[in-house]
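Peer 1: Here the sequence shown is numbered in the working numbering, starting from 3 and rising by one per residue. No residue lacks a Cβ here, since even glycine has one placed at the ideal position from N, Cα and C. The structure is given below, and queries will be raised subsequently.
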Amino acid sequence: MKINLLIKNNMNHVLSMMLVTVLIFSIPALHTTVHAKDSEKQIKANTVPPLLITEIVPQSTRMNDTDAFEFIEVYNNTNQVIDFAEYQIIYRYPVGPENDLIWVPNKRDIKIEPGKPLVLWIENSANKDMNVTEFNELYGSDLIENKNIVKMPGGMANQRMRDIIIRTNTGEEVAVAQYNKATFDVGENLGIFYQYPQDGSNQMVKVSAAEKMATPGIVESELIPEKPVMIDTNKAPYVEDQTKSQQPIDHVQVKASAEDHYLLTTMTLYYKGKEEKDYHSLNLEKDDEGFYQHQVPIQNLIGMEELDYYLEASNGFKKTTTDINSITITAAENENTPPLLITEVVPDSSNVDGANAYEYIEVYNNTDQRLNFGDFHIIYRYPTGSEAIWFEGLTDIMIEPGRPLVLWVDNGKNGEETVADFNKNYGTDLVENEDIVKAPAGGGMANTAERDLVIATNTNIDVAVAGYNKSTKDVYKNMGIFYHFPISSNQMIKVRDNEPATPGTVEKDLIPAELQAIAPDMKPVIQNQTDVELAHPGEMVNIAAEVNDDLFVADMKLFYKDAQDEEFHSVSLISGEESGLFQSTVEFGNDDLQYYFLASNGINQTKTETFTIEKEKVLESAHLRSPENNAMGLETDIELSVTIPNKEESELDVHFYEGKSINTVWNDEIKIYKNAVDTEPPAERVPDGESEFTEEEYELLKNPKIGKITTDAEGEFPYHRFEIPLDEMSLQQEEVEIEWQGSSLEGRKVTMYAWDFASDQWKMVDFTVADSEEIFVLEGEVVVEDYVRDGIIHVLVQDEIPPSDDYDYSFVWLSDTQFYTEVFPELYESQVNWIADKKDELNIEYVFHTGDLVNTYNQLYQWEYADQYMKVLEDANVPYGVLAGNHDIQLQPEFDYTNYYTYFGADRFQNQPFYGDSYQNNRGHYDLISSHGMDFIMVYMGWQPDAAGIKWMNDVLAQYPDRFAVLNFHEYLSGNGDRSNIGERLYQEVVLPNENVKLVLGGHYHGSKVLLRNASQPIQVLSTKVDDDGDGTPNRVVHQLLGNFQDADRGGDGYMNVMNVDMESNKIYVNTYSPALDAYDLFPPYTLELDLELMTKRVSTNYLGINVFTDEEIDTVNKKFKDNELVTVPWNNLAADKTYYWYTTIENEVGEKAKSAMWSFTTAKNEEMVSIGGIRTLLDELIASDEVRKPLSNQLTNTLRQAEHHQQKGHKQQAVKFSEKFLETIDKPQMQKHITSEAKGILQQQINELLNMWKGE
């Protein structure tokens, strides 16, 4: 309901409303833009702010290593005395108002005379006991304490961009002065001077910075308007209370609207319970809807039935106070309480080995059933939203109904402490694994910083949240912070702190009077929502379930396996934000996939039946039987035979087609070129420096079984390029197949490309990593329309680079350049200009940037600087890679990469020859770099990689096993040289599984460190030796580096890491260097010993052909086939001495097709056309004329049939063997009486001619 209260002044309410209406519409708003009448300086007085910031000094003479004389000068631009108690100073970071610091003077009611300044002397630890006399002595001023100078706690950054704002207590920003935006404005004891805004805004105009001595208390006339703002001090604000008289305890809110004829500077709420003696007071600010409202903290309302309140509004000269009114407090609409509560927290305790030894979190079971804490964990949440998971995996740790469990923090330093020690510290008698459990919890709880502790289910549901150090200090040694159960939310209510800790004992006022009743047989209900029934090997299958429970789904797991395997794999599932389903993507194996779900609500579990996704019955292509592929000397009438895989024994159409091949064996028009270039693949279709194959080399390729052409190179990528002319029939096909046969060395990656005229670049068709030096095949289909011009298709086969010269080259590593783009762009510019200038002299092959390109993600000018300076590297043809750090993205409420994508998305890099591939628009990517005999893969992944990003990295690294892998993250090593939480995960899940990872780079934390466990290094200390094959002997050393210089002056003074590679000594020398200072060694240089052994690489070609699958049909067979049934069709009247190509397709009833490979055979020459079929006909005629008689006739007939059978299959050696047996049989003495001499002679002649023909081939 709406309550209109009497205003405590003598104005009649109706008259007040009329007067306010007139005032509101007749007086210009504070920031309305107006046009000058005579000149830009002739501004209407009332459009200029009443208070101005005329001078700032962020850096001054130092005392105890701290600036002791910083100040802000505020000028009263009105005709009235201003009470500065109505105003605040806001210290704003570039990100915006969300992180504002509010500063107020120690003397709150300081008055500023009209046309006079007030100096706000910034108070800190160094000058807390200093007096104004010392201030005046430094600046030559004559200021009087608490009159025109007053101390104000705070501290201004010297080398960061900041806004200084005068703001009313109601949140109206009166004047804004900005410094260090893209230029450095600060000098010791030098003023930054501002002129009043002349455009009707509140933005002070900087007119001078770090050019002249500060002048506190003296305001030059050109900085202020000629006339002051005229204020009528006789008018009071108007207030209308809109508070509801009855409200639930979880949402008690006071709401009012208020206006003033000029500027409402303060709105104060006073409230108390009926039983309380004194009122609480609170300053209110106007919200986005134009109201002044405040929700009373629930902890102030516990046990309260009625709340009294009133409001007071001020314009700095007159106040309006409402009557006292009351709010009746009712029960919360939702009285459900979480089943688990956090009742007490102790973040600081007695120390052991310099660390808190007895920190704990007390968890209370608010139900009448035993809860398994193995289904839960603790989240340690930072204000930024990042999290660490504690106390997970406490399987079978049960919490009894209405009992607490003390979670004792194992911070890595208190591992030797026992429960007996804990009990002694607190005077308790807790029993291990019953009342108390100790488990790893990172480095323990922060003592002075704000944190949230969350009981969460394993399915990522926040059950109860307890925060500390939110606005006041809560943490004291061995003292508890106590929490009341949540009301209508999951937020624990802090009710007291700094009281003796009571682990294992829960005070009754903290918990509900009754336990939450839970049915003992309640369990989750699982419905399988997987919509996949069939899958083929290698397919990614999404398995999903819907799960419901009256309490919650605390734990959900998927178990899956190939049907042939014995053990199930398991993966934990969480509910999808949009779908609400629990789901996971699984790679389908080589057998049926079996799976089931297991869900728990912390009390009971539900296990589903085992479901099956069947292996899809993929239509297989036919298998060749005869003639043998590449058979020679066949007759002109032959039979083609294949077997048909058909387990379903369904009806199929089997088509036999003639094919065509344009290849290096038969075609003399194919042109082949060899060369080596410095990129893979080349940027051009026809690179400079090629040489065509010689006649001898072309001739070698006519016999691919023994002939091959090998090309090595020095320092570059060797390749063979082919120009293949297509005939008219081939050009009419939609696609053609490219087939290359050749070899390389074991472990080498060889790639076949075709030139895509549509995109004007080489596109990968196929690749392989050679597992030996034997011949392998690369093949793939391309679209004729895109890949053929002027009847020519261009193919290139390339290996990576061969051995090189033994001379040095360099990498440069940038990181955390955010303060350069914010304040010191000249330092960024000096870095990239130096790299471009020194590119050739130092052989700079590549530049890393490990994130935080900008300091504030939403300040576009910073992105423009980063864009401009990284383009210097592009223009100089220096390859580089970047990733997004935490400053480059919006972190809350979820990660937002919009500006990063705009300036450094994949489209910026996708045409660069070194750029490999992108993950989520360059959130991750990899670059392929080769220099002087070494092949590198530079893998990047932005802020806080997730599981999908980690899988992508592993897939990429597996694709390039022979390349030296350098991983780049923003956060990896912490400032003390240990891996951070995410760094440890990346080490376990990416570094260890991939044997090619040798180097990891990261920034974020301040410092320059190297992680080298067990190695004697002069700098930091630790070493990571990895035993990849498990034989107990390390196979590699992984160097993990931290490089971030922002603790240096000017956010890093332009320092960067220069990494000089010495091939001969197998070392990388890392130095820090600043081009701006021309100085080395901000941090000590260090050396990395690496295995830089070179690998020989080559490309060898045996054969290349273009296979054309025509629609020239030979024959078709349609029937129900048995599985692996033999199908034979004739192909007659072929030409002699010609190579024929053929293939088959199988088509089922639903139109699915399976195409076979292309096969070939060659018929015999005409002059040698002695056919075995002709000899068999001759033998039949001799038998019929009784010139050959039994039993010799039967033996010769059978032997000749065997020879013919093998010859038709292309098995020439077997055909020769049986033909020779024919001659042996006909020549046996005992058989001479069964054959005439004439018949014997002609049969011997024909068989010998046939054998001579076969053996000659």
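1. I need the boundaries of the beta strand (DSSP E) containing W105, first residue and last residue.
2. How would you label E896, buried or exposed, when you count the other beta carbons within 10 angstroms and need 16 or more for buried?
3. V738: which of W1256, F1111 and P218 sits nearest, CA to CA?
4. Which runs of the alpha helix (DSSP H) fall wholly inside the segment 892 to 928 and span at least 4 residues, in chain order?
5. Is DSSP giving A868 helix, strand or coil here?
6. Just list the residues that DSSP pairs A211 with in beta bridges.
7. Using DSSP's beta-bridge definition, name the partner residues of L1079.
8. Determine the DSSP secondary structure at Y384, reduced to helix, strand or coil.
9. Where does L396 fall in DSSP's three states?
10. Can you tell me whether V477 sits near the ligand GTP, meaning its C-beta is under 7 Å from at least one heavy atom of the ligand?
11. So T330 and Q205 are in contact, right, with Cβ under 8 Å, and what is the actual spacing, rounded?
12. What are the partner residues of V152, as DSSP defines its beta bridges?
13. When we look at the beta-carbon of N150 and count the other beta-carbons within 10 Å, is it buried (16 or more) or exposed?
14. Considering only their Cβ atoms, is the gap separating P915 from Q800 smaller than 8 Å?
15. I want to know whether the segment 822 to 833 touches the segment 152 to 162 - three or more CB-CB distances under 8 Å.
16. For the beta strand (DSSP E) containing E175, list its first residue and its last residue.
17. Would you kindly report the start and end of the unbroken beta strand (DSSP E) that includes T330?
18. Using only CA atoms, which one of E175, N996 and N374 lies nearest to N435?
19. Could you check where the beta strand (DSSP E) with L654 kicks off and where it finishes?
20. Please state whether DSSP places Q1276 in a helix, a strand or coil.
21. Leaving out five residues before and five after D877 in sequence, what residues of the same chain have Cβ atoms less than 8 Å from its Cβ?
22. Starting from G1175, trace the alpha helix (DSSP H) in both directions and tell me its first and last residue.
23. Alpha carbon to alpha carbon, what distance is there between K1242 and H1213?
24. Below 8 Å between beta carbons: does that hold for G376 and I399?
25. Taking buried to mean at least 16 other C-beta atoms within 10 Å of its own C-beta, is L816 buried or exposed?
26. Where DSSP assigns a beta bridge to T369, which residues make up the other side?
27. List the endpoints of the continuous beta strand (DSSP E) containing Q1209.
28. Are the segment 93 to 107 and the segment 131 to 146 in contact at 8 Å, needing three or more beta carbon pairs?
29. Out of G387, E337 and V439, point me to the one whose CA is closest to E364's CA.
30. Could you check where the beta strand (DSSP E) with K109 kicks off and where it finishes?
31. V1190 by DSSP, collapsed to three states: which one?
32. By the 10 Å Cβ neighbour count, where 16 or more other Cβ atoms means buried, how is Q820 classified, buried or exposed?
33. In chain order, what residues of the same chain lie with their CB nearer than 6 Å to the CB of D40, ignoring the 5 residues before and after it?
34. Taking one C-beta from the segment 765 to 775 and one from the segment 716 to 725 each time, how about it: are there three or more such pairs within less than 8 Å?
35. Note down the Cα distance separating Q1248 from E701, rounded to an integer number of angstroms.
36. With a threshold of 7 Å on Cβ separation, who are the neighbours of P629 within its own chain once the five nearest residues in sequence on each side are excluded?
Peer 2: This is what the structure gives:
1. L103 to W105
2. exposed
3. F1111
4. 900 to 906 and 908 to 911
5. helix
6. I194
7. According to DSSP, L1079 bridges with nothing at all.
8. coil
9. coil
10. In the structure shown, the ligand GTP is absent, as is every other ligand, since no ligand is present at all.
11. Actually they are not in contact, since the Cβ atoms of T330 and Q205 sit about 47 Å apart, beyond 8 Å.
12. L122
13. buried
14. no
15. yes
16. E175 to Y181
17. N327 to T332
18. N374
19. E653 to N665
20. Any property of residue 1276 remains undetermined from this structure, which presents the chain solely from 3 to 1259.
21. A838
22. I1174 to A1186
23. 26 Å
24. yes
25. buried
26. Q518
27. No beta strand (DSSP E) holds Q1209; the alpha helix (DSSP H) holding it covers L1194 to Q1210.
28. no
29. V439
30. Per DSSP, K109 belongs to no beta strand (DSSP E) and is neither H nor E.
31. strand
32. buried
33. In this predicted model, D40 has a pLDDT of only 34, less than 50, meaning its place in the structure is not dependable; the value taken from the coordinates is given anyway. Cβ neighbours of D40 beyond the five flanking positions: none.
34. no
35. 34 Å
36. L636, I640, F1163, Q1210, K1211 and G1212
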